[in-house]
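S.K.: Let me begin by handing over the structure; questions about it come next.
There are 2 protein chains.
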Amino acid sequence: MTFPPVEEQLEVICRGVEKIVPEEELRKKLEKSAATGQPLRIKYGIDPTGIDLHLGHTVPMRKMRQFQELGHQAVIIIGNYTALVGDPSGRDETRARLTAEQVEANAQDYLKQVAKVIDMDAAEVHRNGDWFAKMDFARILELCSKVTVAQLLTRDDFSKRFKNEHAIYLHECLYPLMQGWDSVEIKADIELGGTEQLYTFMLARDLQKDQGLPLQLSVMSPILVGTDGVRRMGKSLGNYIGISESAYDMTKKLMQLPDEVMQSYFELLTDLPIEEIQKILAGHPKIAKQTLAKCIAGEYHSEQEANESVERWEREIGAGGLPSDIPEVTLEKSSYPEESVAAVDLLFDLKLVKTKSDGRRLIQQGGAKLGEEKTAIGDINQSIELVEGLIVWAGKKKFCRVVLK
Amino acid sequence: MTFPPVEEQLEVICRGVEKIVPEEELRKKLEKSAATGQPLRIKYGIDPTGIDLHLGHTVPMRKMRQFQELGHQAVIIIGNYTALVGDPSGRDETRARLTAEQVEANAQDYLKQVAKVIDMDAAEVHRNGDWFAKMDFARILELCSKVTVAQLLTRDDFSKRFKNEHAIYLHECLYPLMQGWDSVEIKADIELGGTEQLYTFMLARDLQKDQGLPLQLSVMSPILVGTDGVRRMGKSLGNYIGISESAYDMTKKLMQLPDEVMQSYFELLTDLPIEEIQKILAGHPKIAKQTLAKCIAGEYHSEQEANESVERWEREIGAGGLPSDIPEVTLEKSSYPEESVAAVDLLFDLKLVKTKSDGRRLIQQGGAKLGEEKTAIGDINQSIELVEGLIVWAGKKKFCRVVLK
Chain P
1 MTFPPVEEQL
11 EVICRGVEKI
21 VPEEELRKKL
31 EKSAATGQPL
41 RIKYGIDPTG
51 IDLHLGHTVP
61 MRKMRQFQEL
71 GHQAVIIIGN
81 YTALVGDPSG
91 RDETRARLTA
101 EQVEANAQDY
111 LKQVAKVIDM
121 DAAEVHRNGD
131 WFAKMDFARI
141 LELCSKVTVA
151 QLLTRDDFSK
161 RFKNEHAIYL
171 HECLYPLMQG
181 WDSVEIKADI
191 ELGGTEQLYT
201 FMLARDLQKD
211 QGLPLQLSVM
221 SPILVGTDGV
231 RRMGKSLGNY
241 IGISESAYDM
251 TKKLMQLPDE
261 VMQSYFELLT
271 DLPIEEIQKI
281 LAGHPKIAKQ
291 TLAKCIAGEY
301 HSEQEANESV
311 ERWEREIGAG
321 GLPSDIPEVT
331 LEKSSYPEES
341 VAAVDLLFDL
351 KLVKTKSDGR
361 RLIQQGGAKL
371 GEEKTAIGDI
381 NQSIELVEGL
391 IVWAGKKKFC
401 RVVLK
Chain Y
1 MTFPPVEEQL
11 EVICRGVEKI
21 VPEEELRKKL
31 EKSAATGQPL
41 RIKYGIDPTG
51 IDLHLGHTVP
61 MRKMRQFQEL
71 GHQAVIIIGN
81 YTALVGDPSG
91 RDETRARLTA
101 EQVEANAQDY
111 LKQVAKVIDM
121 DAAEVHRNGD
131 WFAKMDFARI
141 LELCSKVTVA
151 QLLTRDDFSK
161 RFKNEHAIYL
171 HECLYPLMQG
181 WDSVEIKADI
191 ELGGTEQLYT
201 FMLARDLQKD
211 QGLPLQLSVM
221 SPILVGTDGV
231 RRMGKSLGNY
241 IGISESAYDM
251 TKKLMQLPDE
261 VMQSYFELLT
271 DLPIEEIQKI
281 LAGHPKIAKQ
291 TLAKCIAGEY
301 HSEQEANESV
311 ERWEREIGAG
321 GLPSDIPEVT
331 LEKSSYPEES
341 VAAVDLLFDL
351 KLVKTKSDGR
361 RLIQQGGAKL
371 GEEKTAIGDI
381 NQSIELVEGL
391 IVWAGKKKFC
401 RVVLK
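Each protein sequence line maps, in turn, to chains P and Y. With the first letter of the first sequence counted as 1, position 34 gets the number 34 in UniProt numbering; the numbers rise by one all the way through. With the first letter of the second sequence counted as 1, position 290 gets the number 290 in UniProt numbering; the numbers rise by one all the way through.
Right, here's the structure in full:
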């Protein structure tokens, strides 16, 4: 097997990566692989607890696809054994123990989603129950003897919890060892993940060394910021873009992105060359976001759908047209005996503003409008007649249609 | 089954015990046992790593025999599974991994020794490999989820090591859990051991509670001081009396005991009633030690042998007679070209004194003597002619015969 030149590979691998540990070994690994014609074995572990992937998850997965495109071997580990066990301490009710069938169904669902990013026809898939179900207590004790409590407590999350006197249960100490052992079993050359896993990645090296195997190195991606531009992308934070969302939903969310995070989205979520990204970012932010939306929506849908989504957005929202999907908000008639309401209260009751102060400010700035014709509300106390179907605007992008009940 | 009255049982059980935890539960356990006619299940765990039992080990074992005499059920756990694993961290070369055959041979040897104290015909014996060899990883994770790292670090030895930054390996954290699980398996009512095991004993209660079982309590014996009267009895400290030693060797060692430790030896190693012990201790220390020697040597040998040993000691050492087994010390002729040596140097070279200052003091006090006739050495520089077979005394109890080479 032949690979692109090492320099070229390094450029692809290092793009958008936060940390490579130990970095000096990467070139050697690639050179050895080039010399022997052996693809590197790239490990990525997933936890089949049943989740909908969002763009944040795709960052290390896209790195995996880049490795595949360079000719290396993707190895996906499904942590089915740990999922079977669940979190036995019972502290976290949401991580209940799953049945073998549920775990496998989750794994299949996960793999189907992963296939949107990784070329699964060329990937190996292993379930860690294949080796852990066979391990006896003696073997587990031996595995545990490779690590000390003090070492475990250097792990970021453990050290924080220990300092804050939050419980760390003993079984949790075994999870990083299990993940490390996966690397031994599949002879990983490189493991993908985030920097929060550095400890586990290094532990895997110790276990590989102990078994006389070549040591893996870790290629750690940064954490993707959510659409709020502040916190990491997460389902519970409501700042995510799911990879199963429609092209138009993706586009709408991407078009609202704060300008500052565009660069990382381009670097981490598209394959556009860095120089081209720089040029795009030097132009108008709206155009840049439209390019970004076309790239990302185009990855999960057709190019045509992506283009149409951007056009629709431009027509309905960007250029100020009336959107075709106006969210409806229901108001209780009984709460408005006079069948009218002060403008500032209306904005607040429709949840278009967070506080009445925000509402007052918006009205004073002329940003609150009514109807398809967008008639500005002139006074915070202006009495608005409540009629079914009334459209209310709070700025250009927030709006809703009133439903009375 | 009927038992002695609870008060009477309490008196026997509490004798010479350092701590009972939780103490208030003991009476209830005994009352319930009396009411239902069910003997209590008394657990004692042993580690078949191949050791010669000494009197220090017999303290909890004698407590077990007392429980047996009260009508309760002895349950011996042989930790064969942990012994098989050894200490896998490889830090302690002396705790090498044993083969199954070695472990079983050690266990048999141990049981033979234990039978000198515990009535093995009436005891249950379990090997913890019976349950641990069958436990899978998922079950072990579940077991580990019952305890937190912080709880483990409250264990005396762990907390000291953690503070001193000495490594605690993760497998060591599993050992107390395993020992605790033994209590679940055999449904222990009471566990015997030393106070250093308090943490493990309490952990066993947590695991029993978790399994909906009655909770064990622990009856903890104090640590027996060695024949030096200072440190705990231990083979490596050379201050021990092995239970396989001859009646005469036991007697000799017991007769050298510092007076202060006699009471604990009487309480912990004999069944003499406390009032009788008080009377004995009020008399002459030599007579008291002879009584102690007769009791202890008589437990491991016949009463006749014990009596004869004490008589022999009295004849040979106590009354100043010549002992029948004089240790030999070899001196190199070439180190003494003049075939003689200064008295103080002789004592030192024969290791009868630790320092030459000690030798000088001994000679000045008239404690250094020569030959069967015990001729006092008058001067520290007195020239002693080196002849084969010369007997040299340093006080009444230290002596040797010179061998030249």
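We put the beta carbon where it would ideally sit given N, CA and C, even for glycine. Every value quoted in this text rests on a predicted model; they were computed, and no experiment measured them.
Relative to chain P, which residues along the region 127 to 138 of chain Y have a C-beta separation below 7 Å, given in chain order?
M.R.: Here the close residues are 132, 133, 135, 136, 137, 138.
S.K.: Give the residues of chain Y in contact with residue 199(P), contact being defined as C-beta atoms less than 9 Å apart.
M.R.: The contacting residues do not exist; residue 199(P) stays about 14 Å from chain Y at best.
S.K.: From the beta carbon of residue 162(Y), is the nearest beta carbon of chain P less than 8 Å away?
M.R.: Answer yes: the Cβ-Cβ gap between residue 162(Y) and chain P drops below 8 Å somewhere.
S.K.: Judging by CA-CA distance, which residue of 39(Y), 33(Y), 171(Y), 267(Y) is the nearest neighbour of residue 82(Y)?
M.R.: Closest option to residue 82(Y), Cα to Cα, is 171(Y).
S.K.: On the three-state DSSP scale, how would you describe residue 231(Y)?
M.R.: In this structure, residue 231(Y) counts as coil in the three-state DSSP scheme.
S.K.: Would you tell me roughly how many angstroms separate the C-alpha atoms of residue 283(P) and residue 384(P), rounded to the nearest one?
M.R.: Going by the C-alpha atoms only, they are around 42 Å apart.
S.K.: Would you say residue 12(P) faces chain Y, with C-beta separation under 8 Å as the test?
M.R.: Judged by the 8 Å Cβ criterion, residue 12(P) is not in contact with chain Y.
S.K.: 8 Å is my cut-off, CB to CB: does residue 390(Y) come that close to chain P?
M.R.: By this cut-off, residue 390(Y) is not an interface position.
S.K.: Beta-carbon of residue 301(Y) versus every beta-carbon of chain P: anything under 8 Å?
M.R.: Chain P contact via Cβ: absent.
S.K.: Measuring only the C-alpha atoms, how far is residue 301(Y) from residue 58(Y)?
M.R.: Distance between the alpha carbons of residue 301(Y) and residue 58(Y): 15 Å.
S.K.: Check residue 330(Y) in the structure and name its three-state DSSP category.
M.R.: Three-state DSSP puts residue 330(Y) in a strand.
S.K.: Measuring alpha carbon to alpha carbon, tell me which residue in 386(Y), 279(Y), 18(Y), 41(Y) is nearest residue 223(Y).
M.R.: Comparing Cα-Cα distances from residue 223(Y) to each of 386(Y), 279(Y), 18(Y), 41(Y), the minimum goes to 18(Y).
S.K.: For residue 192(Y) and residue 34(Y), I'd like the C-alpha separation in whole angstroms.
M.R.: Taking the straight line from one Cα to the other gives about 20 Å.
S.K.: Count the C-beta pairs between the region 143 to 151 of chain P and the region 164 to 182 of chain Y that are closer than 8 Å, then say yes if the count reaches three, no if not.
M.R.: At 8 Å Cβ cutoff, the stretches touch.
S.K.: Going by alpha carbons, who is nearest to residue 28(Y) out of 393(Y), 102(Y), 189(Y)?
M.R.: Cα-wise, what sits closest to residue 28(Y) is 189(Y).
S.K.: By Cβ distance, which residues of its chain are closer than 8 Å to residue 397(Y), with the 5 residues on each side in sequence left out?
M.R.: Here the set comprises 256, 317.
S.K.: Take every Cβ of the region 198 to 211 of chain P, pair it with every Cβ of the region 225 to 235 of chain P, and state whether three or more of those distances are shorter than 8 Å.
M.R.: Judged by Cβ distances under 8 Å, the region 198 to 211 of chain P makes no contact with the region 225 to 235 of chain P, as fewer than three pairs qualify.
S.K.: Looking at the strands, I want to know which residues DSSP matches up with residue 44(Y).
M.R.: Answer is 76(Y).
S.K.: Count the other CB atoms, across all protein chains shown, that sit within 10 Å of the CB of residue 328(Y); report buried if there are 16 or more and exposed otherwise.
M.R.: Exposed: under 16 other Cβ atoms inside 10 Å.
S.K.: Check the Cβ-Cβ distances between residue 183(Y) and every residue of chain P, and say whether any is below 8 Å.
M.R.: Not one chain P Cβ lies under 8 Å of residue 183(Y).
S.K.: Would you say residue 150(P) reaches chain Y, if we count a Cβ-Cβ gap shorter than 8 Å as a contact?
M.R.: Yes, contact with chain Y.
S.K.: Looking at residue 394(P): is its Cβ nearer than 8 Å to the Cβ of residue 362(P)?
M.R.: Cβ distance < 8 Å, so residue 394(P) and residue 362(P) count as in contact.
S.K.: Do the region 119 to 132 of chain Y and the region 111 to 122 of chain P touch if we need at least three Cβ pairs shorter than 8 Å?
M.R.: As far as the Cβ criterion goes, the region 119 to 132 of chain Y does not touch the region 111 to 122 of chain P, which means the pair count is below three.
S.K.: When you compare only the Cα positions, how much space is there between residue 90(Y) and residue 177(Y)?
M.R.: A caution first: residue 90(Y) carries a pLDDT of 49, below 50, which makes its placement in the model unreliable, though a value can still be read off. Computed Cα separation, rounded: 21 Å.
S.K.: Alpha carbon to alpha carbon, how far is residue 125(Y) from residue 39(Y)? Give it in angstroms, no decimals.
M.R.: Using only the alpha carbons, I get a separation of about 16 Å.
S.K.: Assuming contact is defined by CB atoms lying nearer than 8 Å, are residue 13(P) and residue 46(P) in contact in what I supplied?
M.R.: Not a contact, by the Cβ cut-off of 8 Å.
S.K.: Grab me the residues of residue 106(P)'s own chain with a C-beta within less than 6 Å of its C-beta, minus the 5 sequence neighbours each way, in chain order.
M.R.: Counting only Cβ-Cβ distances below 6 Å, and skipping sequence neighbours, we find 48, 50.
S.K.: Once DSSP output is grouped into helix, strand and coil, what is the label at residue 145(Y)?
M.R.: In this structure, residue 145(Y) counts as coil in the three-state DSSP scheme.
S.K.: I'd like to know whether the C-beta of residue 147(Y) is nearer than 8 Å to at least one C-beta of chain P.
M.R.: Chain P, which has a Cβ nearer than 8 Å to the Cβ of residue 147(Y), makes this yes.
S.K.: Helix, strand or coil for residue 388(P)? Go by DSSP, reduced to three states.
M.R.: In this structure, residue 388(P) counts as coil in the three-state DSSP scheme.
S.K.: At the 8 Å Cβ level, is residue 94(Y) part of the contact set with chain P, yes or no?
M.R.: Since pLDDT at residue 94(Y) reaches only 47, below the 50 mark, its modelled position is unreliable, and no value is offered.
S.K.: In its own chain, which residues sit with a C-beta less than 8 Å from the C-beta of residue 70(P), not counting the 5 before and 5 after it?
M.R.: Within the same chain, residue 70(P) has close Cβ partners 3, 4, 9, 12, 13.
S.K.: Within 10 angstroms of the Cβ of residue 405(Y), are there 16 or more other Cβ atoms? Answer buried if so, exposed if not.
M.R.: Classification for residue 405(Y): exposed.
S.K.: Spatial neighbours of residue 272(P) within its chain, please: C-beta separation below 7 Å, excluding the five flanking residues on both sides.
M.R.: Cβ neighbours of residue 272(P) beyond the five flanking positions: 266, 295.
S.K.: According to the neighbour-count rule (16 or more other Cβ atoms, all chains shown, within 10 Å of its Cβ), is residue 366(Y) buried or exposed?
M.R.: Counting Cβ neighbours within 10 Å, residue 366(Y) comes out exposed, since fewer than 16 surround it.
S.K.: How about residue 220(P) and residue 194(P): do their beta carbons lie closer than 8 Å?
M.R.: Yes. Within cutoff.
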